[in-house]
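Chemist: So in this note's numbering, spot 544 of the sequence shown is number 568, and the numbers just go up one at a time.
Just so it is clear, CB atoms sit at the ideal spot from N, CA and C, and this is done for glycine as well.
Pasting in a structure now, in structure tokens, and then I'll have a few things to ask.
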Amino acid sequence: MIPAPIPPDEEQRLQALARCAILDTAAEPLYDELAVLAARLCDAPVAAITLVDRHRQWFKSRVNVPVSETPRAISACAHTLLGDGPLVCEDALQDARFHDNPLVAANRNRFYAGVPLRLASGERLGALCVLDHRPRRLEPAQLEMLELLGRHVSRLLDARITAAQQVEMLKDSDRMVELHAGMADESRGLLVAAEQARLALVELLESQRRLEQELRESEQHFRTLADQGSALIWTSGLDMGCDYFNQPWLNFTGRTLAQELGSGWTEGVHAEDIERCLLTYKAAFVARRSFSMEYRLRAADGRHRWIRVDGSPRHDSQGRFLGFIGYCYDITEAKELEFRMRRFHAELEQRVAERTADLATANRELATFTYTVSHDLKAPLRGIDGYSRMLQLVHGDLLDDGARDLVARIRHGAGQMNQLIHDLLAYCHLEQRQVRCARVDLVDLARRAIEARCTDDPGLGLGAGLGRVLQLEAPDTPVMACADADGLAMVLRNLIDNALKFSARSQPPCVRLRVSHGEDGCAMLSVHDNGIGFDMQYHDRIFEIFQRLERAEAYPGTGIGLAIVRKAMQRMGGRVWAQGEPGRGAVFHLEMPQ
């Protein structure tokens, strides 16, 4: 918070304030009406006429302000009187002068607009201000009206000083009469004093008349602004009945002011909304609190249109409840869009549910078909493989080279078919397998995967030195990820086997597993190889089932391994992608949440 600096003319300003003789005086209707008018014109729940003393700011008039004065050190109006123009703070929490001001925290005052009260002699005594509990802006017309009302208050203060001076003149006249009581021209002095008193009274009455006329003009200006806007505005009194509707309301309903006053406006409310509408309004009225609601109101063309109303209680400067003021807006198009979106969402959810059910049925049928076919195929395959193996072992010497080659081809084909069935079953089982995600150390998982592969083929080695085919690059500390340990181990086995297969002809072959912390709270596990690589235009294709980029004779396989990898990662909430270049190797990245 930054307190306002002391103005250069502080002592002169305080002397002028003292001449006003206004501090700690009772409420006056002229000031109260100007404050209420400022609140209405600016659509603000809080308004005040403040006078800044040496150590405090005192409220001559206040609307929804619970205290009569506050310390000057926390006064926003103390900043306002430093200049001739208005001071507008659209969001106090974003303003270094006010963001930690106690009044901002205690009263939830986020918006402030004030105009200085400047005497004809130049001194600034305080401010006319409006406040709101939400960040906002004033329309140019509203700011213009606030300045106009501020000038009215300033004229009232000037008139007060003039009246005080004239009263002093009357007192001086009385003293002069007493001093010359014994003189022969006593009667003439009395007549002069009486004439001066009469002139002073005439001046006071004229000032009062001018101010009342300006107030009437201000009220007319308010009604003109209210009638020119798009909002439908109404006010109500202590009897809950409405006592004012602006012209846009009357144009909207096609009814006269006399028809709408009191409870007449309820005749246009839709029958399905009237009970809820009145209950909401009455509850807010009793509780003296703001309210918002939506209901249908009959328009001039006879059709009901949706409107939103925002109502707020009105109070005078003493905090006395006066009734409500409300602003209504036609939201029919927005409501129709909302209804269409709801219907669309309902239809979409129904289609998704139907599609999900169809997919579930298809998956079950596919799983049943795959299992049945695989089971029926495995039995004859075992016979083919078994008999051909016996033929090799028992009768191999009786076969010529051509026959032995044919038997070898039979066994090789049976082996490929068996692997294809195995991979196909593994792919289908992914849909049925329950995913159990938990915290997994990727460093430990990668190390165990390499060790298991080296157990099958000790020549691969483990480490980072030359001649080691399988290498691990990882930090010394664990890298945790949220994943299914068994599913991730299967993914890693597939990627390692894939990398070893396509880098087998490199000199020397090298497959490196790298574990690291990724971006956005993710963990990364990458498998690098120096194999044949691939063209990035085929990136998506390599993850599809039965898709191959190389001939099976050169690089045996079923074309299912990478499809298993992608499906397993999707089910764990992770993702997989690859980078490659023909002849320069490939990298497969696994990303999982931590």
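(1) Nearest CA to the CA of S85: which residue from D325, H541, D500, T49?
(2) Bridge partners of W258, per DSSP?
(3) Can you check DSSP and say which residues form a bridge with I331?
(4) On the three-state DSSP scale, how would you describe A602?
(5) Classify V310: buried if its beta carbon has 16 or more other beta carbons within 10 angstroms, exposed otherwise.
(6) The beta strand (DSSP E) with S540 in it runs from where to where?
(7) Please classify R572: does DSSP put it in a helix, a strand, or coil?
(8) Considering only the alpha carbon of each residue, which of A183, R121, L61 lies closest to L653?
(9) Would you check if the distance between the CB atom of R148 and the CB atom of L105 is smaller than 7 Å?
(10) Quick check: the region 599–607 against the region 461–479, are at least 3 beta-carbon pairs closer than 8 Å?
(11) Output the boundary residues of the beta strand (DSSP E) element that contains T94.
(12) Pick helix, strand or coil for G371, following the three-state DSSP scheme.
(13) Alpha carbon to alpha carbon, how far is A183 from C10? Give it in angstroms, no decimals.
(14) When the distance is taken between beta carbons, is S287 closer than 7 Å to G265?
(15) What do you get for D64, buried or exposed, if any count of 16 or more other CB atoms within 10 angstroms of its CB means buried?
(16) Are the region 406–420 and the region 430–440 touching, with three or more C-beta to C-beta distances below 8 Å?
(17) Nearest-angstrom Cα distance between A377 and T385?
(18) Would you kindly work out how many angstroms separate the C-alpha atoms of H103 and P29, rounded to a whole number?
(19) So, is D372 buried or exposed, given that buried needs 16 or more other C-beta atoms within 10 angstroms?
(20) Tell me, to the nearest whole angstrom, how far the beta carbon of Y351 is from that of D67; I am working on the premise that it is less than 8 Å.
(21) Just the Cα atoms here: how many angstroms apart are V177 and A295?
(22) Jot down the residue ranges of each uninterrupted beta strand (DSSP E) in the region 90–145, minimum 3 residues, whole runs only, in chain order.
(23) Would you check if the region 328–336 and the region 350–365 touch, i.e. whether three or more CB-CB distances between them fall below 8 Å?
(24) Exposed or buried, what is F345 when buried is set at 16 or more other beta-carbons lying within 10 Å of its beta-carbon?
(25) By DSSP, does Q443 sit in helix, in strand, or in coil?
(26) Would you list the one or two residues that DSSP bridges to A71?
Modeler: The relevant details are as follows:
(1) Counted from its first residue, the sequence shown places residue 85 at position 61. Comparing Cα-Cα distances from S85 to each of D325, H541, D500, T49, the minimum goes to T49.
(2) One-based indexing of the sequence shown puts residue 258 at position 234. The partner list for W258 (beta bridge, DSSP) reads F269, G350.
(3) By 1-based counting over the sequence shown, the position of residue 331 is 307. Beta-bridge pairing links I331 to Y319, D354.
(4) Counting from one through the sequence shown, the residue named residue 602 turns up at place 578. Note: A602 maps to strand in three-state DSSP.
(5) In the sequence shown, residue 310 corresponds to position 286, counting from 1. Taking a 10 Å sphere around the C-beta of V310, we find fewer than 16 other C-beta atoms and assign the residue as exposed.
(6) By one-based count along the sequence shown, residue 540 stands at place 516. First-last of the beta strand (DSSP E) with S540: 535–541.
(7) Here residue 572 corresponds to residue number 548 of the sequence shown, with the count starting at 1. In this structure, R572 counts as coil in the three-state DSSP scheme.
(8) With the chain represented from 25 up to 618, any question about residue 653 goes unanswered, as that position is not in the structure.
(9) As a first step, residue 148 must be located in the sequence shown, where it is residue number 124. As a first step, residue 105 must be located in the sequence shown, where it is residue number 81. L105 sits close to R148, with the two beta carbons spaced by under 7 Å.
(10) Counting Cβ pairs under 8 Å, fewer than three are found: no touch.
(11) Here residue 94 refers to the residue found at position 70 when the sequence shown is read from its first residue. Element bounds for T94: 93–95.
(12) As a working mapping, residue 371 is identified with position 347 in the sequence shown. Correcting the residue type first, residue 371 is Glu in the shown sequence and not Gly. DSSP places E371 in helix when its eight states are reduced to three.
(13) Summary: the structure shown does not reach residue 10, with the chain confined to residues 25 through 618, and so no result is reported for it.
(14) Within the sequence shown, numbered from 1, the residue matching residue 265 stands at position 241. Within the sequence shown, numbered from 1, the residue matching residue 287 stands at position 263. Yes.
(15) Looking up residue 64 in the sequence shown gives position 40. Here the sequence assigns Arg to residue 64, which means Asp is not the residue at that position. It is buried - the Cβ of R64 has at least 16 other Cβ atoms within 10 Å.
(16) Touching, per the Cβ criterion.
(17) As a first step, residue 377 is located in the sequence shown; it is residue number 353 there, counting from the start. As a first step, residue 385 is located in the sequence shown; it is residue number 361 there, counting from the start. Going from the Cα of A377 to the Cα of T385 covers about 12 Å.
(18) Taking the sequence shown and counting its residues from 1, the one referred to as residue 103 is at position 79. Taking the sequence shown and counting its residues from 1, the one referred to as residue 29 is at position 5. The alpha-carbon atoms of H103 and P29 are separated by roughly 8 Å.
(19) Position 348 of the sequence shown, counted from the first residue, corresponds to residue 372. The sequence shown places Leu at residue 372, rather than the Asp named in the question. Exposed: under 16 other Cβ atoms inside 10 Å.
(20) In the sequence shown, residue 351 corresponds to position 327, counting from 1. In the sequence shown, residue 67 corresponds to position 43, counting from 1. Y351 to D67, Cβ: 7 Å. Contact.
(21) Along the sequence shown, one-based indexing puts residue 177 at 153. Along the sequence shown, one-based indexing puts residue 295 at 271. Approximately 47 Å between the Cα atoms of the pair.
(22) The DSSP assignment places 93–95, 111–113, 135–142 as complete runs of the beta strand (DSSP E) inside the region 90–145, in order along the chain (cut-off: 3 residues).
(23) Verdict: yes, contact present.
(24) Residue numbering aside, residue 345 sits at position 321 when the sequence shown is read from its first letter. Label assigned to F345: exposed.
(25) What you label residue 443 is simply residue 419 of the sequence shown in a count that begins at 1. It is helical.
(26) Against the sequence shown, residue 71 aligns to sequence position 47. Partner(s): V87, V154.
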